[in-house]
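By the count of our numbering, the sequence shown reaches residue 226 at its end, each step adding exactly one.
All C-beta atoms, glycine included, are put in the ideal place defined by N, C-alpha and C.
Note that the structure is predicted; figures quoted are calculated from it, not measured.
One structure is given here, and the rest of the page talks about it.
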Amino acid sequence: MAKLLYSVTMSLDGFIAGPGGDMSWLTPYLGPNPLIDELVARVGAILVGGRTFRGDDPHKGTAAEGEVFGGGWEGPQFVLTRTPPAEPVPGLTFVSDLGEAVAAARAAAGAGYVNVLGAETARGCLEAGELDEVLVCIAPVLLGDGVRLFDHPGGTHVRLERIELGAAPSATNVWFRVAGRDG
44 MAKLLYSVTM SLDGFIAGPG GDMSWLTPYL GPNPLIDELV ARVGAILVGG RTFRGDDPHK
104 GTAAEGEVFG GGWEGPQFVL TRTPPAEPVP GLTFVSDLGE AVAAARAAAG AGYVNVLGAE
164 TARGCLEAGE LDEVLVCIAP VLLGDGVRLF DHPGGTHVRL ERIELGAAPS ATNVWFRVAG
224 RDG
């Protein structure tokens with residue numbers, strides 16, 4: 044069965060997007076990363092939140108704009124949103140229920156990963172007990188404000204076990220398995 048993986052690039056101070064969802068900060072850190080190159084080949088489906096789907100793109104103004112992994116991946120994509128577009132979008136399936144979205148993405152991914160994109164969607168998957176792993180590429184930058192990697196009002200305690208630690212020219216990669224939640 045496919046595993047759900049939340050993969051993301053984060054600033055050293057814990058932000059995955061700048062204020063207002065700005066992703067332009069990420070562009071200088073999209074350089075070569077062998078771990079990501081290996082991961083792309085193992086991704087069977089994408090599960091993306093509606094806000095991330097409609098949000099800013101670090102590839103804006105390039106041929107890779109709007110493409111998952113900058114155009115390095117193709118396959119089934121599921122968008123979790125309460126407001127799907129009126130007209131179908133080729134290559135995308137819009138789903139309004141988290142459980143249905145996860146089940147459809149897992150089925151489409153086969154033995155590969157379901158790569159989760161979007162902080163709220165990842166949090167929902169975690170809270171539903173569906174998130175298996177987290178891969179964070181830590182960029183050497185401080186943003187000071189924006190969208191956090193993981194935000195849970197009132198706090199929570201999620202135990203993670205490190206699977207892999209490595210470095211690329213533009214980031215430090217830390218891959219974890221979700222070990223459980225306390226409380």
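Alpha-carbon to alpha-carbon, residue j and residue i
{"i": "K46", "j": "L192", "result": "19 Å"}
{"i": "D194", "j": "P131", "result": "32 Å"}
{"i": "V190", "j": "P75", "result": "24 Å"}
{"i": "W68", "j": "G113", "result": "15 Å"}
{"i": "G64", "j": "G153", "result": "32 Å"}
{"i": "W116", "j": "L55", "result": "27 Å"}
{"i": "I33", "j": "D188", "result": "Outside the shown range of the chain (44 to 226) lies residue 33, about which nothing can therefore be said."}
{"i": "L186", "j": "M53", "result": "10 Å"}
{"i": "V159", "j": "L78", "result": "17 Å"}
{"i": "F96", "j": "A222", "result": "28 Å"}
{"i": "M66", "j": "G197", "result": "27 Å"}
{"i": "P133", "j": "R149", "result": "20 Å"}
Sub-8 Å separation of residue i and residue j beta-carbons
{"i": "S50", "j": "L203", "result": "no"}
{"i": "F121", "j": "A147", "result": "yes"}
{"i": "T199", "j": "R220", "result": "no"}
{"i": "L48", "j": "E176", "result": "yes"}
{"i": "L90", "j": "V145", "result": "yes"}
{"i": "T136", "j": "I181", "result": "no"}
Where residue i falls, given that 16 or more other Cβ within 10 Å makes a residue buried
{"i": "R126", "result": "Reading off the sequence, residue 126 comes out as Thr, not Arg. Result: exposed."}
{"i": "D80", "result": "exposed"}
{"i": "I206", "result": "exposed"}
{"i": "A165", "result": "buried"}
{"i": "M44", "result": "exposed"}
{"i": "G61", "result": "buried"}
{"i": "G172", "result": "exposed"}
For residue j and residue i, believed in contact at Cβ under 8 Å, the rounded distance
{"i": "G87", "j": "Y156", "result": "6 Å"}
Own chain, CB closer than 6 Å to residue i, minus 5 neighbours either side, in chain order
{"i": "G92", "result": "L123, G161, E163, T164"}
{"i": "V201", "result": "R224"}
Cβ-based neighbour list, residue i, same chain, cut-off 7 Å, excluding 5 preceding and 5 following
{"i": "A151", "result": "G87, A88, P119"}
Nonlocal neighbours in the same chain, by C-beta distance under 8 Å from residue i, ignoring five residues either side
{"i": "R94", "result": "G64, G161, E163"}
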